[in-house]
Each structure stands twice: as structure tokens, then as C-alpha cells.
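First up is the structure itself, then whatever we jot down about it.
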Amino acid sequence: MIDKIEINENLDCLVIVGPTAVGKSETAVELAKKYNGEIISGDAFQVYKKMNIGTAKVSKDVQAEIVHHGIDICDYKVDYNVVKFQKMARESIKEIKSRGKLPIIVGGSGLYIQAVLFDYRFNEVEGFETLKLKNEELTNEELRKNIKKMRIKLNHSDLNNHRRLVIIATKLELDIPINDNGQKAVYDNFQIIGLTDKREIIYERINNRVDQMIKDGLVKEVEQFEYNYPSQKAIGYKEIHSYLNKVTSLDEAIELTKKNSRNYAKRQYTWYNNKMHVLWYSKKDGIWQLEKN
Numbered sequence: 006m007i008d009k010i011e012i013n014e015n016l017d018c019l020v021i022v023g024p025t026a027v028g029k030s031e032t033a034v035e036l037a038k039k040y041n042g043e044i045i046s047g048d049a050f051q052v053y054k055k056m057n058i059g060t061a062k063v064s065k066d067v068q069a070e071i072v073h074h075g076i077d078i079c080d081y082k083v084d085y086n087v088v089k090f091q092k093m094a095r096e097s098i099k100e101i102k103s104r105g106k107l108p109i110i111v112g113g114s115g116l117y118i119q120a121v122l123f124d125y126r127f128n129e130v131e132g133f134e135t136l137k138l139k140n141e142e143l144t145n146e147e148l149r150k151n152i153k154k155m156r157i158k159l160n161h162s163d164l165n166n167h168r169r170l171v172i173i174a175t176k177l178e179l180d181i182p183i184n185d186n187g188q189k190a191v192y193d194n195f196q197i198i199g200l201t202d203k204r205e206i207i208y209e210r211i212n213n214r215v216d217q218m219i220k221d222g223l224v225k226e227v228e229q230f231e232y233n234y235p236s237q238k239a240i241g242y243k244e245i246h247s248y249l250n251k252v253t254s255l256d257e258a259i260e261l262t263k264k265n266s267r268n269y270a271k272r273q274y275t276w277y278n279n280k281m282h283v284l285w286y287s288k289k290d291g292i293w294q295l296e297k298n
């Protein structure tokens, strides 16, 4: 229930964030119905056609009821990156507002959302997202070594922040200024709300979601894709590819998907809390209620 979620008037856009499996998509649909909105997916992988189960896309029936943008817009072999997402999302916001409706971004990737809301400039660098995904596979120690080679001294707060290390390493390799943090807002009036729950509940929902994806045919879905494309680095896809390539057993792939999803949820919390001003809501008796922020 969304009765207690307070939305400001005359918003340029509303943003809904939170860890994977918390219920962002369902809540966004409810809010879109109540406030005459359209939804922009802030997920880095829902842009790819046929990648349905593993990215937890909303059903076609829901998409027919509420207009969704940023879903099924390119082939899985295309390197869709944050620069392309920034352009698509801003154009969608303009289009939605021109119809007198409320743009609602649902994420997803913290970097993608920030790139839309703030003056992030990536100099149209090709390969940013591909390199970022590659760097995400490295450990903190490996990333620190790579950064050190470029004679950059890290802040103490960055030393063990995997997400931040990935961004710093990627920017350095592509010669993008590290301090291009996009602090200047692009829109005059936007609101970011976050959905959360107790950690054990989130983890249980993640585990159940992965089990349901397997039942729904995730393995068969992954079989249709070649594994050596950036899109196949998505959680759930890379683990199933390991199984299909006989690197792991199916049970191992499933458990690894759950583990990586839980770790991703942790990183999402860190990003949102460190990089965004979020009004957090948690469920009490089935109703989203504002936490003490």
C-alpha cells in the first residue's frame, strides 16, 4: 500500500530506489496509477530484448496498463551504456512531461540514475560501461593496485568501497576526470524515495526470487545468448553461463546467483546512502511508511 508515501507537487520527476527484490516495480505501478505517471526503467539490463526472467521485467499486461520506457529497446549484443541511458531517460522525461504526466524513474543502477538527475558528463566515451563491468569483476585489492599504477592517491573512504573503486579505475583508464561527480542538478524539482526492509527479509526475498526465476525457465532463457557480451555479465546470466559451460553445477550457479544478488543489494544501499538524498520508507503492516531519516 502506498497511502503513506508523500509526493511533492509539480515534480519534474519522481525516483524510486532500493535494493533488488524489495518491491520497487509494484510500488512504482501503484504510484503511476495514483499520480498519472509513466515509468522509466533505471535497470542497466532491462533495455535488452528477450532478457526477461533474469532482469525481473514487469509483465506485458502491466506494460500495457502503464507505459514503461527503457525496456526492450536493443539487442543483447549491443553495448548499451550509461551515456546512452542518460540520453534516453532525459528524452523520456521531456516527452512524458509534455503529456502532462509524471515521469517515474525506477532503479536500479545508482550511477544511471545520478547521470540523469545531475550534470554528469562522460564525454561520450565509448566503452565506458563495458570497461566498468570488466572492472566490477576485480577485487578491491586488484583495483587499488591498478589505480596506484596511475599515481592516484585514494581517499581513506574509497579504499574499501568496491563501487567507488570501480568508477575511479574506469574513469582513469578512459581519461575521464575523477572529480566529475555531477553535483549540479539538471532538474529544478525532483524527489528520491527509497524502499527498504529488514536485511533478513530482503535476503529471503532475493533467494525466493532466484528460485522462482529458475522455475520460470531462466536456464532456457540464457541458452539463447552467447556469453561473451557485456549484457551477459548481468547477475543470473553470468552464473548460468558458467553452468552451461560446465564450469559449475546448476546448484552452484543458483547459490552463486543468490550470493551475488545479496552483495549487489549491499552495494546499492551504500551507493544510495553515500551519493543521494533519499527519503526511506519501510513496510509496517503492509503499508509503506516514512522512516526517521
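Numbering (my numbering), first residue to last: 6 to 298. Note that the Cβ used here is the ideal one computed from N, Cα and C, for glycine as well.
Cutting at 7 angstroms between CB atoms, please list the residues of its own chain near residue i, excluding the five before and the five after it.
i: Arg104; result: none
i: Gly291; result: Met6
Please go through the same chain and pick out, in chain order, the residues whose beta-carbon is closer than 8 angstroms to the beta-carbon of residue i, but skip the five residues on each side of it.
i: Tyr286; result: Lys9, Ile10, Ile198, Gly199, Leu200, Thr201, Trp293, Gln294, Leu295, Glu296
i: Ala37; result: Glu43, Ile44, Ile71, Leu107, Ile109
i: Ala69; result: none
i: Gln229; result: Lys55
i: Val300; result: Residue numbering for the chain in the displayed model covers 6 to 298; residue 300 lies beyond these limits and cannot be assessed.
i: Thr275; result: Asn166, Arg168
Starting from residue i and walking both ways along the beta strand (DSSP E), at which residues does that stretch end?
i: Val111; result: 107 to 111
i: Leu295; result: 292 to 295
i: Val227; result: Looking at the DSSP string, Val227 is not in any beta strand (DSSP E); the run it does join, the alpha helix (DSSP H), is 223 to 228.
i: Glu43; result: 42 to 46
i: Val22; result: 18 to 22
Measuring CB to CB, does residue i end up less than 8 angstroms from residue j?
i: Tyr40; j: Met56; result: no
i: Cys18; j: Tyr192; result: yes
i: Leu249; j: Val215; result: no
i: Val88; j: Phe123; result: no
i: Ala258; j: Thr25; result: no
i: His167; j: Arg272; result: yes
i: Gly47; j: Ser97; result: no
i: Leu170; j: Asp180; result: no
Compare the Cα-Cα distances from residue i to each of the options and report the closest residue.
i: Thr262; options: Gly59, Asn278, Glu146; result: Gly59
i: His73; options: Val88, Tyr85, Ala94, Lys89; result: Ala94
i: Asn145; options: Ile173, Glu134, Met155, Ser30; result: Ile173
i: Asn13; options: Leu284, Lys289, Lys288; result: Leu284
i: Ala239; options: Lys225, Leu159, Glu142; result: Glu142
i: Met218; options: Tyr277, Glu260, Val52, Phe195; result: Glu260
i: Gln237; options: Lys139, Met155, Lys150, Gly115; result: Lys139
i: Met155; options: Tyr277, Thr175, Lys220, Lys62; result: Thr175
i: Ile206; options: Gln51, Gln119, Lys288; result: Lys288
Tell me the residue span of the alpha helix (DSSP H) that contains residue i.
i: Gln196; result: Per DSSP, Gln196 belongs to no alpha helix (DSSP H); it is in the beta strand (DSSP E), 195 to 201.
i: Val52; result: Neither: Val52 is in no alpha helix (DSSP H) and is coded neither H nor E.
i: Glu147; result: 145 to 154
i: Ile173; result: 167 to 178
Skipping 5 residues on each side, what residues in its chain have a beta carbon closer than 6 angstroms to that of residue i?
i: Thr135; result: Asp84, Pro235
i: Thr253; result: Ser247
i: Asn86; result: Phe133, Glu134
i: Lys189; result: Asp124
(message) Could you tell me which whole beta strand (DSSP E) segments of length 3 or greater appear in the stretch 230 to 289?
(response) 284 to 289
(message) List, from N- to C-terminal side, the beta strand (DSSP E) runs of 3 residues or more that fit wholly inside the stretch 59 to 139.
(response) 107 to 111
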